[in-house]
Amino acid sequence: MSINWYPGHMAKTRRLMEADLKNIDAVCEIVDARAARSSRNPMLRSLAPHKPRMIVLNRADQADPEVSRKWLEHFRSRGIPAILADSQKGGFAQQFEKAVAECCAPVIEKNLKRGQTGKHLRVMIVGIPNVGKSSFINRLCGRKAAKAADKPGVTRHNEWFSIAGFDFMDTPGMLWPKIESDEMGYTLAFTGTIPDQILDREDLAVRLLMRLADAAPGACARKYLGRDEDPAPEYEADAPYYYDLLGKYAAARSLLVSGGMPDTERMSNVLLDDFRSGKLGRISLERP
Ligand SMILES: Nc1nc2c(ncn2[C@@H]2O[C@H](COP(=O)(O)OP(=O)(O)OP(=O)(O)O)[C@@H](O)[C@H]2O)c(=O)[nH]1
Ligand SMILES: [Mg+2]
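Numbering (the numbering used here), first residue to last: 87 to 374.
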């Protein structure tokens, strides 16, 4: 696979971010709790190496809670303040403020020394596309301030939003120019970071089935076949077996093309949508 999705606006985003760095106190990276490795942008580390940073594991409602707890430990043990968030529900404001205070301790001290007690902390919210940056800000602001929608590439400009004590800068989702590893690229495709239009959804669905067999054994069998396990493999090779399985799920849901063959294309859409919307359960594709 060569996922090489780096539209022009991402290069522009990078330039704008660099220009705005002098105006901020901290960088808060929003990461997908279901894929906390692949959803971190390696470019961001080099972009602001000297700014205090923290991590929000968003979409925690869709991830395996036990795995998320391990990711929290992982980041905290490396000295990076981290919290879990469900930006559809909220309820993380206090924890977030505590984490910002932790990573901005030197800034807060400096402001106090200068007598600037009411000065807002300015936090740049960054992350890959569609991870929930704007939704996260909306939860903190308690209103639909920033535009958010279920597709990548919604936010197009840097924009400031304020609440008592804080200014947040929403930024467009940013990927890096070339996703080197196939596994990482597919993970980002499964979670909806890369638009499906540039990918073969059937191929993606078969690959997702292969990943789910490891990450959440039995989840698809329960959802689509009403049993705990998938039928045993009849083939040596993986891909034909999983393609066949996709057909079995399609048949069980009566998704058929004319002639009665399973409609694996429609089933691919169902599977990808179900995974992305959490209908297969709380599943984490990556562990620390
Ligand atoms: N289940 C769940 N859905 C979420 C969460 N956060 C965001 N979403 C959904 O994810 C979709 C994308 O959210 P946005 O806030 O637009 O994401 P973004 O990172 O700002 O996206 P871009 O601006 O396109 O980079 C929306 O449909 C949100 O409702 C979350 O914590 N849990
Ligand atoms: Mg956005």
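Idealized CB from N, CA, C, for every residue including glycine. Bear in mind the structure is a predicted one, so any value in this text is a computation, not a measurement.
{"Asked": "At least three beta-carbon pairs within less than 8 Å, the stretch 137-149 to the stretch 112-128", "Found": "yes"}
{"Asked": "Whole alpha helix (DSSP H) elements within the stretch 323-372, 4-residue minimum", "Found": "324-338, 350-362"}
{"Asked": "Residue 255 beta carbon less than 8 Å from that of residue 210", "Found": "yes"}
{"Asked": "Rounded straight-line distance, which links the Cα of residue 150 to that of residue 366", "Found": "11 Å"}
{"Asked": "Spatial distance of residue 201 from residue 248 (CA atoms)", "Found": "21 Å"}
{"Asked": "Proximity winner among 229, 245, 250, 221, relative to residue 236 (alpha-carbon distances)", "Found": "221"}
{"Asked": "Closest residue to residue 208 among 215, 217, 190, 214 (Cα-Cα distance)", "Found": "190"}
{"Asked": "Distance, residue 330 Cα to residue 324 Cα", "Found": "10 Å"}
{"Asked": "Pick from 212, 194, 123, 118 that is closest to residue 170, judged by C-alpha positions", "Found": "118"}
{"Asked": "Where the alpha helix (DSSP H) containing residue 105 begins and where it ends", "Found": "94-106"}
{"Asked": "Three-state secondary structure (DSSP) of residue 115", "Found": "strand"}
{"Asked": "Under 8 Å between C-beta atoms of residue 278 and residue 362", "Found": "yes"}
{"Asked": "N- and C-terminal bounds of the beta strand (DSSP E) containing residue 142", "Found": "139-144"}
{"Asked": "Contact between the stretch 144-162 and the stretch 116-130 (3+ Cβ pairs under 8 Å)", "Found": "yes"}
{"Asked": "Distance between residue 193 and residue 102 (C-alpha atoms, nearest Å)", "Found": "23 Å"}
{"Asked": "Secondary structure, beta strand (DSSP E): runs of 3+ residues fully inside the stretch 177-213", "Found": "207-213"}
{"Asked": "Own chain, CB closer than 6 Å to residue 153, minus 5 neighbours either side, in chain order", "Found": "370, 373"}
{"Asked": "Check: residue 109 C-beta below 7 Å from any heavy atom of ligand 1", "Found": "no"}
{"Asked": "Contact under 8 Å by Cβ, residue 338 with residue 311", "Found": "yes"}
{"Asked": "Per-residue DSSP class, three states only, for residue 315", "Found": "coil"}
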